[in-house]
Amino acid sequence: MEENSFKTIPLDFTLLEESEMFERAKALNELLQKRRSVRDYSDKPVPRELIEQCLLAANSAPSGANRQPWHFAVVRDAKKKKEIREGAEEEEREFYTSRAPQDWLDALSPLGTDANKPFLETAPCLIVIFGQKYEVDENGQKLKNYYVAESVGIATGLLIAALHNAGLATLTHTPAPMKFLNKILNRPNTERPIMILVVGYPEKNARVPDISRKTLDQFTSFQDD
Ligand code: IYR
């Protein structure tokens with residue numbers, strides 16, 4: 002055994018009956034099919050402990066060399082949310098008026114999005130997700146992380162699923178560039194903002210676009226023979 006290896010422990014694995022496996026798979030699929038990106042939020046606060054449980058679930062994600070190269074900044078303070086909204090809307094105005102190529106604007110047009118992001122203030126909670134290119138060890142040495150985008154993407158997916166499962170609505174929001182978030186949230190330059198996850202309860206009469214998901218055969222191929 003390599004000197005620096007982890008010690009090993011027995012895997013905690015429960016072998017299920019096949020019928021139960023199917024039931025569980027179906028139940029989770031049905032739950033996740035109900036997830037929608039929500040843009041209209043009520044200001045009803047979310048309990049901190051609920052967010053904490055969901056963050057712990059997100060932190061179960063696999064990551065390159067188990068570095069867990071993410072940071073989740075939870076913002077519930079009205080003043081900070083306002084600053085984030087102002088920073089995001091400034092970038093978004095640039096995006097919608099000059100930065101975005103016409104084909105991108107055309108792709109977004111059915112969604113009806115624009116540079117106004119009131120949900121960044123209305124929603125009770127914003128989770129700003131950062132990827133850590135480096136970790137700084139106890140001697141101040143920079144330690145490179147691996148597969149940061151992939152690892153953070155997986156953790157974010159788990160977080161979205163966990164929040165949905167807990168009965169909360171979410172929206173992934175990606176103003177670009179997002180460097181302004183490091184400043185507002187006091188995060189180091191070794192961290193790159195990946196996205197803002199808006200979290201809360203939908204507004205009473207919230208509506209969502211009537212969109213559909215690809216069918217199984219549209220997005221999969223079983224390479225059986
Ligand atoms: N960041 C912009 C634009 C935007 C881009 C994509 I791709 C979307 O799916 C939705 C929006 C905005 O948030 O409006």
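If you want the working numbering, it's the position in the sequence shown, counting the first as 1, plus 1. Where a beta carbon is used, it is the ideal one built from N, C-alpha and C, also for glycine.
Return yes when the C-beta of residue i is under 6 Å from any heavy atom of the ligand IYR, and no when it is not.
| i | result |
| --- | --- |
| residue 114 | yes |
| residue 175 | yes |
If we call anything under 7 Å between Cβ atoms a contact, is residue i one with residue j?
| i | j | result |
| --- | --- | --- |
| residue 122 | residue 184 | no |
| residue 109 | residue 210 | no |
| residue 155 | residue 195 | no |
| residue 45 | residue 202 | yes |
| residue 39 | residue 163 | no |
| residue 96 | residue 199 | no |
| residue 43 | residue 204 | yes |
| residue 47 | residue 128 | no |
| residue 68 | residue 118 | no |
| residue 72 | residue 151 | no |
| residue 124 | residue 90 | no |
| residue 50 | residue 176 | no |
| residue 70 | residue 5 | no |
| residue 181 | residue 88 | yes |
| residue 170 | residue 55 | no |
| residue 126 | residue 188 | no |
Counting pairs of beta carbons, one from the segment 157-174 and one from the segment 135-143, are three or more of them closer than 8 Å? Taking 8 Å as the limit for Cβ pairs, the verdict is that the segment 135-143 does not touch the segment 157-174.
Cβ contact (3+ pairs, closer than 8 Å) linking the segment 26-34 and the segment 59-67: No, the segment 26-34 does not touch the segment 59-67.
With a floor of 3 residues, list each beta strand (DSSP E) that falls wholly inside the segment 7-51, ordered by position along the chain. For the segment 7-51, not a single whole beta strand (DSSP E) run of length 3 or above is found.
Which runs of the beta strand (DSSP E) spanning at least 3 residues fall entirely within the segment 45-86, listed in chain order? Segments of the beta strand (DSSP E) lying fully in the segment 45-86: 71-76.
Pick out the complete alpha helix (DSSP H) segments inside the segment 120-185, 4 residues or longer, and give them in chain order. Segments of the alpha helix (DSSP H) lying fully in the segment 120-185: 120-123, 149-166.
Completely contained alpha helix (DSSP H) runs for the segment 179-225, where each covers 4 or more residues: With a minimum length of 4 residues, the continuous alpha helix (DSSP H) runs that stay inside the segment 179-225 are 181-186, 217-220.
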